[in-house]
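Sequence order for the protein chains is A and B. According to numbering that gives the first Met the number 0, the first sequence is numbered sequentially starting from 0. According to numbering that gives the first Met the number 0, the second sequence is numbered sequentially starting from 0. Virtual Cβ for every residue (Gly too), placed ideally from N, Cα, C. All values derive from a computational prediction rather than experimental measurement. To start, the structure under review is shown below, and the notes come after it.
Number of protein chains: 2
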Amino acid sequence: MKRGADLPAARARPKLGRLNIELLNTGSELMLGRVLNTHQQWLCRRLADLGYVVTRQVAVPDTAHDIQSAVREALSRADLIIATGGLGPTSDDVTRDLIAQLLGKKLRLDDAVLNHIKRRFAARSLPMPKNNEVQALVPEGAMVLANPNGTAPGLAIEIESQTGRAGLPPGQDAQQRVPTSPFRAAWLVMLPGPPRELRPMFDNFVVPLLRREFPLAAPFVCRTLRTSGIAESLVQEKIEAPLNTLAVAGLEIGYCARTGQVDVRLSARGGNGGKIVRAAEAIVQKILGAQIYGFDNEEMETVVVRLLTGRKKTLAMAESCTGGCIAHRVTNVPGASAVFPGGWVVYSNESKQKFLGVRAETLAAHGAVSEAVAREMAEGARLQLGADFAIAVTGIAGPGGGTKEKPVGTVFIGLAGEFGTVIEHKFNPYERETFKEVTAWQALEMLRVRLVCS
Amino acid sequence: MKRGADLPAARARPKLGRLNIELLNTGSELMLGRVLNTHQQWLCRRLADLGYVVTRQVAVPDTAHDIQSAVREALSRADLIIATGGLGPTSDDVTRDLIAQLLGKKLRLDDAVLNHIKRRFAARSLPMPKNNEVQALVPEGAMVLANPNGTAPGLAIEIESQTGRAGLPPGQDAQQRVPTSPFRAAWLVMLPGPPRELRPMFDNFVVPLLRREFPLAAPFVCRTLRTSGIAESLVQEKIEAPLNTLAVAGLEIGYCARTGQVDVRLSARGGNGGKIVRAAEAIVQKILGAQIYGFDNEEMETVVVRLLTGRKKTLAMAESCTGGCIAHRVTNVPGASAVFPGGWVVYSNESKQKFLGVRAETLAAHGAVSEAVAREMAEGARLQLGADFAIAVTGIAGPGGGTKEKPVGTVFIGLAGEFGTVIEHKFNPYERETFKEVTAWQALEMLRVRLVCS
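The following block contains the structure:
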């Protein structure tokens, strides 16, 4: 709470060709592949939604050399650096100390932070481990960003432009000094690693700081159209020429492909940005039609829940090889309970028979992975729950269980409704988890197309 | 297929303090937060398992300036650079061209690659879009890494040490030259973005290249102990002093915390590495005991399936608020079908009553989110499937549905077995998806403790 509140609303800042925002994710666990860097996606998307683009993201292990050289390099380029991690209480949480040392700032014990940490432990009737005290150390001149969801506060430091030598405060051993490097004027923000601490802190403190210190020069407009069932190169071939005039006027087009899906991102800056993006969207809509399944950050399951809700329809599910993946995705959507009464995971033949009424003869004649069983599963699930639609999936997720006729990746997806029952036979020869995700996506896409086109 | 095969087995290479391996992930979709960078985790983990540590990972958007400056900087530090993405057929796939330009290498059309691409389209009875031709362009002197799972081949380039100016071939406009930068001798590998193309290519081509070009100086041993139910600072406080002697002998200790879990990573290099790590593991095992739930990359669900399999026990599941998340996690484990006959997602009160025999009076007296309903759900699921154990979960995932007495995050987890039924009342006040993941984890941990300690 040291600075910031008393800063003038729109400080003079060197006008730049573009604003350079860099993320620095510290953590040996990242470099060892122990954890997935979800901070990058979350922070980049949040910033993009606000019209700011991250120009570089760097991850380094928790060593003095790596962290300090990464920060020094970022300071030579960036206007805003957002560093994550390394603020915890254990011996490998060194980011705060190393950055303070690099900037030549002393650490002081902040009583307010220390009391906050003590209160958190007291509230759980736990003694505060001595280690946690380091989390109350704050570099001189840094703004403290309160952390209601954890012990480590965030820190924001405004860095003055420096052209001389940076390193330890004068008088200390010159051997320990870090090499010469000029610093540009910049803000350096340090956020704690746990997502449920980082995310509210970003929204509550970093977004206002960004808006105040780096107001956008021109409005920014962006729209993503998410397509299914069409290859990336074909999407481009179909839409590029028709969008040419708008591209000349400032439209930017980006593509992002995943299995069976391609996102088309349309964006533009400036006063005409909104008009350009809306015109581009209309053109792409006309060309791709129902192959567009959603917009912006909408997931397939969100679209399906929205369509079911709008049509007051319910969905049941009987999953064999996807093992709950479809239900899990549908129930990730807030409000899913209004359209999803429930479902089954029927891994064994017995459960398919007992709960869904799949007939022993059908299993014997066709095997569990067959069009006939997918049909009886879908119809049984719909009947049992009295739902408008039912999805059923049976297949071979692997790695074992494949045969010559039905290799790993074979899957039958059934969709039952008032219209009857349709079955699609797919082949998804991917490793187990990808197989489940791709199959779940295909099943939801089948339902979406039915809902949109009927 | 140009080079590499004829290289001597152990080429002279400058001895370095450490081997610098850098990852470069290119893609505007990464910087816009459209996709999660799963390559980082996958490649870092694979490399760590082989005894190589990634010293830096960088992600940049698909622009000439960003890609070329990132590659140039990496070449000033790294011995091996692994670049991912930007080898696709659309206009934003520019990595290959930009790297060739930076290195002053011309692109040539590789007939073998072009034929491979044509065959892939022909096999699907599709015409090859003209755009895909660019994927057959190969920088001069580059090794082509075959891609049986997609169109774009990978590329590996051995870079000679350069101290002069790098950029366009001589004779071209000096204005377009990139700034002076000395290159160290290094390998630069370019891999395609889709995971199912990148992963086998890494295993089949990059791992052998790594072993040949960068053989490890000393053996490397690493072991991760995964703990649950104990805070990061407390784990450190308990084990640090007892491990002190081993730390002096070269043991490295790392911590990685997530909600309710802490990973302790023990590693050492050199001839005594194995002995040091085994001694450290024995010490930590003795101190933390059953709080260690798994080892290395083992997930909680893998441990539970392993324990159930070893004890020949089966598990049923009745999920309300987790909506299939527990079943999804359990069925991610190969071989789950031997211990998991099936389960229910019972989102509505009707389905709880109809399928699990939860009584209307219990629902009326206590509400769906209650100890009593969790108990009846668990016992009903166990009975219906004749399973040895059943897990049941009922709670309020949010964002809606909370009350003063039962706020969002309230959850009851039931575990039924021969021993009877136990219920745990938890409070997980996180956003919806985190709530589901944390609750699923707690439910599996309850079962694990029961399996281990009985």
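Just tell me which of the options has its CA closest to the CA of residue i.
i, options, result
"residue 444 of chain B", "B:348, B:290, B:407, B:349", "B:290"
"residue 393 of chain B", "B:36, B:376, B:384", "B:376"
"residue 197 of chain A", "A:57, A:56, A:85, A:415", "A:85"
"residue 115 of chain A", "A:132, A:378, A:400", "A:132"
"residue 188 of chain A", "A:25, A:423, A:362", "A:25"
"residue 455 of chain B", "B:79, B:125, B:254, B:352", "A question about residue 455 of chain B goes unanswered here, because the residues of chain B that appear run from 0 up to 453."
"residue 98 of chain A", "A:346, A:29, A:38, A:186", "A:186"
"residue 110 of chain B", "B:118, B:439, B:103", "B:118"
"residue 22 of chain B", "A:59, A:28, A:154", "A:59"
"residue 300 of chain A", "A:222, A:327, A:245", "A:327"
"residue 387 of chain A", "A:341, A:430, A:397", "A:341"
"residue 371 of chain A", "A:255, A:381, A:391", "A:391"
"residue 101 of chain B", "B:121, B:70, B:120", "B:70"
"residue 409 of chain A", "A:397, A:415, A:416, A:148", "A:397"
"residue 236 of chain A", "B:44, B:88, B:407, B:431", "B:88"
"residue 152 of chain A", "A:160, A:158, A:135, A:140", "A:135"
"residue 245 of chain B", "B:280, B:91, B:156", "B:280"
"residue 160 of chain A", "A:145, A:95, A:121, A:75", "A:75"
"residue 423 of chain B", "B:413, B:431, B:429", "B:413"
"residue 227 of chain A", "A:31, A:96, A:260", "A:260"
"residue 215 of chain B", "B:247, B:313, B:230, B:268", "B:268"
For residue i, which residues in chain B fall below 9 Å Cβ to Cβ?
i, result
"residue 51 of chain A", "The contacting residues do not exist; residue 51 of chain A stays about 10 Å from chain B at best."
"residue 440 of chain A", "Per Cβ cutoff of 9 Å: no residues; residue 440 of chain A is ~14 Å from chain B at best."
"residue 59 of chain A", "54, 55, 56"
"residue 330 of chain A", "318, 320, 321, 322, 323, 324, 344, 346, 396, 431, 435"
"residue 19 of chain A", "The contacting residues do not exist; residue 19 of chain A stays about 10 Å from chain B at best."
Who does residue i pair with in a DSSP beta bridge?
i, result
"residue 24 of chain A", "A:58, A:83"
"residue 413 of chain A", "A:391, A:422"
"residue 106 of chain B", "B:138"
"residue 281 of chain B", "In the DSSP output, where bridge partners are listed per residue, residue 281 of chain B has none listed."
"residue 190 of chain B", "B:83"
"residue 53 of chain B", "B:20"
"residue 154 of chain B", "B:143, B:189"
"residue 293 of chain B", "B:225"
Check for me: the alpha helix (DSSP H) holding residue i runs from which residue to which?
i, result
"residue 255 of chain A", "From DSSP, residue 255 of chain A is part of no alpha helix (DSSP H) but of the beta strand (DSSP E) over 251-257."
"residue 267 of chain B", "No alpha helix (DSSP H) holds residue 267 of chain B; the beta strand (DSSP E) holding it covers 260-268."
"residue 225 of chain B", "First-last for residue 225 of chain B: 219-227, but that is the beta strand (DSSP E), not the alpha helix (DSSP H)."
"residue 69 of chain A", "63-76"
"residue 434 of chain B", "431-452"
"residue 354 of chain A", "348-355"
"residue 487 of chain B", "The structure shown does not extend to residue 487 of chain B, since chain B is modelled only from 0 to 453, so the question has no answer here."
"residue 247 of chain B", "243-247"
Determine the chain A residues that contact residue i at a beta-carbon separation under 9 Å, and present them in chain order.
i, result
"residue 387 of chain B", "Result: empty, since nearest Cβ-Cβ is about 14 Å, beyond 9 Å."
"residue 254 of chain B", "28, 87, 89, 90, 91, 92"
"residue 44 of chain B", "31, 32, 33"
"residue 361 of chain B", "What residue 361 of chain B touches in chain A: nothing, since even the nearest Cβ is about 18 Å away."
Check for me: the beta strand (DSSP E) holding residue i runs from which residue to which?
i, result
"residue 457 of chain B", "There is no way to answer for residue 457 of chain B, as the model of chain B reaches only from 0 to 453."
"residue 342 of chain B", "341-345"
"residue 144 of chain A", "142-144"
"residue 315 of chain A", "314-318"
So which residues of chain B does residue i contact, with C-beta pairs closer than 7 Å?
i, result
"residue 262 of chain A", "33"
"residue 47 of chain A", "31, 32"
"residue 203 of chain A", "Correct list: empty, because the minimum Cβ distance to chain B is about 15 Å."
"residue 195 of chain A", "429, 433"
Kindly list, in the order they appear in chain B, the residues whose Cβ is closer than 8 Å to that of residue i.
i, result
"residue 130 of chain A", "232, 235, 236"
"residue 399 of chain A", "333, 334"
"residue 41 of chain A", "32"
Using a cut-off of 7 Å between C-beta atoms, extract the partners of residue i located in chain A.
i, result
"residue 327 of chain B", "322, 323, 324, 327"
"residue 124 of chain B", "Here the premise fails: no neighbours, minimum Cβ distance about 13 Å."
"residue 384 of chain B", "350"
"residue 290 of chain B", "Per Cβ cutoff of 7 Å: no residues; residue 290 of chain B is ~16 Å from chain A at best."
Original post:
Which of the residues in the segment 413-433 of chain B, read from start to end, lie with their CB under 7 Å from any CB of chain A?
Top reply: Result list: 429, 431, 432, 433.
Subject >> Contacting positions in the segment 340-356 of chain A - beta carbon closer than 9 Å to chain B >> reply: Cβ contacts with chain B come from 340, 341, 342, 343, 344, 345, 346, 347, 349, 350, 351, 353, 354.
Subject >> Members of the segment 217-236 of chain B that neighbour chain A once the beta carbon cut-off is set at 9 Å >> reply: For the segment 217-236 of chain B, which is checked against every Cβ of chain A, the residues closer than 9 Å are 221, 223, 230, 231, 232, 233, 234, 235, 236.
Original post:
According to a CB-to-CB cut-off of less than 8 Å, which residues of the segment 62-86 of chain A neighbour chain B?
Top reply: For the segment 62-86 of chain A, the residues whose beta carbon sits under 8 Å from a beta carbon of chain B are, in order, 65, 69, 72.
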